[in-house]
Amino acid sequence: MKTSDLVFKASDKYQKLASTPVAFFCLEYGLDDDSSMYAGGLGVLAGDYLMEAADQGLPIVALGLKYGAHDESSKHFCERYQLLETETSPLLVEVPIAHEIVKARVWVRSFGTSVSLLLLDTNIPENESSRIQDITSHLYDPDFYTRLKQQILLGVGGIRLLRQLELKPSVYHLNEGHTSMAVLGLMGEAGSNESVGAASTELAKAVATKHTIFSAAGLLVTLKDFTEFLGPYCQSRGLDLLAVFEQGRFELAADTFSTTRFLMTTVERQNGVSVLHTVFEKKRHSDSRLQPITNGVYAPRWQAATIKNVSNVADLGAVKRKLRGALIDFVRLETGVSLNPEICTIVWARRFASYKRPLLIFSDLDRLSKIVNDPTRPVQIIVSGKAHEADDQGQEIIRRIKDYVGRPDLRDRVVYLPKYSLSSAKFLVQGADIWLNTPERGKEACGTSGMKAALNGALQASVSDGWVDEVDWSERGWILPEAELEHRIYDILTDEILPLFYASSGAGESVIGWAERMRRTVDLVQNNYLAGRMLEDYVVKLYNLN
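Here the sequence shown is numbered in my numbering, starting from 3 and rising by one per residue.
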């Protein structure tokens with residue numbers, strides 16, 4: 003694609019932004035099953051955001067990095083991405099990192115007519131060193147210094163790319179501390195070429211979204227490393243290195259720079275991703291300025307058409323039975339395990355992290371065995387998720403789950419579904435009867451997987467965390483207690499959930515009770531937790547573009 007062809011056609015509602023699109027920075031994008039491009043909910047949410055913006059005609063120029071070995075020789079890749087070119091050659095972006103000049107080509111992917119995703123790629127011969135070429139080889143590379151280079155490339159390089167394209171964003175939306183180097187890029191561009199006032203004007207356009215309460219989501223950089231990797235850039239742009247460092251000084255280590263702290267200190271307008279997330283952030287950081295904008299999900303990607311089109315509550319059970327059957331068929335193809343399409347199916351599926359407590363359902367294996375093998379009210383459980391290859395804790399969780407599901411008394415009732423992907427996630431959220439969510443309260447910032455399942459009539463059995471805490475579940479699902487949950491979870495299953503699922507009467511009243519909960523759950527998400535509402539909140543509350 004020629005740079006001259008990169009245009010943003012806005013809808014009537016956003017016509018004034020046609021020449022000043024929102025610049026959206028994120029380190030990962032979950033758009034397809036290509037696992038090299040995303041690691042979890044952050045990337046999948048970014049994908050939902052772009053798709054909704056395209057539907058709404060909101061002009062967005064999204065910036066990220068291209069990971070993995072696929073290139074122009076890959077048919078799958080070329081069906082979606084094009085190389086961005088000037089009139090004579092591929093466009094190159096040059097970014098000073100330490101004492102080297104890192105060069106990156108740019109791939110572009112369009113969504114509708116208003117959204118373009120631009121990915122920087124260092125795997126090019128113009129970078130003579132393989133060390134530089136490999137900067138974008140792996141998302142969240144296990145090497146610390148490579149991750150630091152990635153974040154400098156995205157932030158500083160992303161701003162430089164916007165300038166080369168002569169784009170003048172109305173807003174710079176920075177997602178997580180990973181993207182904070184875009185602030186440095188704004189400081190550098192204005193500091194070198196314009197006035198201090200111009201720098202302040204551009205920085206005033208920057209907004210930030212914090213997606214997790216964990217400080218480890220960003221990088222912690224020593225003063226020595228900060229000086230080595232960013233000193234030459236700061237010097238070349240007339241920036242005071244120590245003044246920049248001070249703005250990101252980590253409160254728990256005086257000689258350490260926190261990318262997340264830097265983002266929160268330098269950006270005026272910022273949000274968390276649920277009401278409770280902002281409450282816990284305030285408890286941890288008394289100076290937190292996060293306003294709540296609860297996430298939403300892109301319905302066309304996650305909701306089964308058969309659920310969307312049901313008008314009669316009594317028909318929901320039959321529709322869910324077909325969706326459950328499709329999930330059971332998928333599990334059999336992927337694992338060889340034949341589950342029962344007629345019994346209650348519980349799903350736990352998300353990124354494997356210790357605070358999400360994926361092992362909690364296995365706390366009492368003997369009791370779990372009795373429940374899943376009950377002759378009159380049986381239940382089956384599907385566990386799925388992903389862990390980064392460098393995440394030793396996550397990999398250990400997977401190993402333990404595999405051991406548990408291999409027990410003879412759990413086999414064919416509890417199954418681990420490997421190769422968690424966007425495709426498998428669709429089967430899981432659409433086919434589940436119960437969506438199980440067991441995080442340590444205050445640590446699950448939002449939990450959008452539950453929204454996707456709820457959109458398909460899966461009843462929630464969840465700790466009251468993230469978005470779940472905003473809802474009255476008394477006639478929809480079940481709130482799991484914090485105290486003794488490793489025992490109480492079994493009580494709630496046997497005493498409340500399974501009796502309701504299997505109850506019936508001549509008039510079908512009890513069955514309708516379950517179906518009515520399904521309908522209320524679907525309506526709840528459709529009315530409050532879709533990406534369209536989230537996007538509107540961003541535009542009005544965060545971007546101030548109303």
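A virtual CB, placed ideally from N, CA and C, is assigned to each residue, including glycine. From a predicted model like this one, the values you see are computed outputs, not experimental measurements.
Query	Result
Endpoints, alpha helix (DSSP H) assigned at Asp405	Asp394 to Val407
Inter-residue Cα distance where the pair is Leu362 and Glu488	6 Å
Inter-stretch contact (C-beta, 8 Å, three-pair minimum) for the region 483-499 and the region 296-309	no
Cβ shell of Lys322 (< 6 Å), same chain only, five flanking positions each side left out	Gly459
Own chain, CB closer than 6 Å to Ala12, minus 5 neighbours either side, in chain order	Leu19, Ala20, Gly59, Pro61 and Ser116
Exposure label - Gly240; buried when at least 16 CB within 10 Å	exposed
6 Å Cβ shell around Ser197 - same chain, five flanking residues per side excluded	Any reading at Ser197 must be qualified, since the residue scores a pLDDT of 44, below 50, and its modelled position is unreliable; the value itself is stated next. Excluding residues within five positions, none has a Cβ falling inside 6 Å.
Member of Glu204, Phe231, Glu178 and Ser371 whose CA lies at the smallest distance from the CA of Ala210	Glu178
CB contact flag (Pro441, Asp467, <8 Å)	yes
Three or more C-beta pairs below 8 Å linking the region 216-230 and the region 174-193	yes
Glu102 versus Val185, Arg165, Tyr235 and Arg82, residue with shortest Cα-Cα distance	Tyr235
Reduced DSSP secondary structure (H/G/I, E/B, other) of Phe247	helix
The alpha helix (DSSP H) enclosing Tyr551, as first and last residue numbers	Lying outside 3 to 548, the shown extent of the chain, residue 551 is not represented and no answer is given.
Short Cβ contact (8 Å threshold) for Ala25 with Val173	yes
8 Å Cβ cutoff met for Ser371 and Leu329	no
Between the CA atoms of Leu325 and Arg2 - distance to the nearest angstrom	No statement about residue 2 is possible, as the shown extent of the chain runs from 3 to 548 and does not include it.
Euclidean distance between Cα positions of Asp414 and Val339	6 Å
Spatial distance of Val63 from Val527 (CA atoms)	28 Å
Thr347, enclosing beta strand (DSSP E) - first and last residue	Cys346 to Ala351
Separation of Ala463 from Arg402, as counted between CA atoms	23 Å
Assigned exposure category for Val542 - 16 Cβ within 10 Å defines buried	exposed
Per DSSP, cross-strand counterpart(s) of Asn311	According to DSSP, which records beta bridges pairwise, Asn311 is partnered with nothing at all.
Candidates Val465, Tyr492, Glu486 and Trp469, of which the one nearest Trp480 by Cα	Val465
Supposed close pair Asn314, Gln293 - CB separation, criterion 8 Å	Contact doesn't hold; Cβ gap of about 40 Å is too wide.
Range of the contiguous beta strand (DSSP E) that encloses Tyr174	Val173 to Asn177
Residue interval of the beta strand (DSSP E) (run including Tyr418)	Val416 to Leu419
Three-state class that DSSP yields for Glu81 in the structure shown	coil
Spatial distance of Arg443 from Glu484 (CA atoms)	8 Å
Close Cβ partners of Lys207 (< 7 Å) along its chain, the five nearest in sequence each way excluded	Pro171, Ser172, Val173 and Tyr174
Separation of Asn129 from Pro92, as counted between CA atoms	14 Å
Inter-residue spacing [alpha-carbon to alpha-carbon] between Leu502 and Leu150	52 Å
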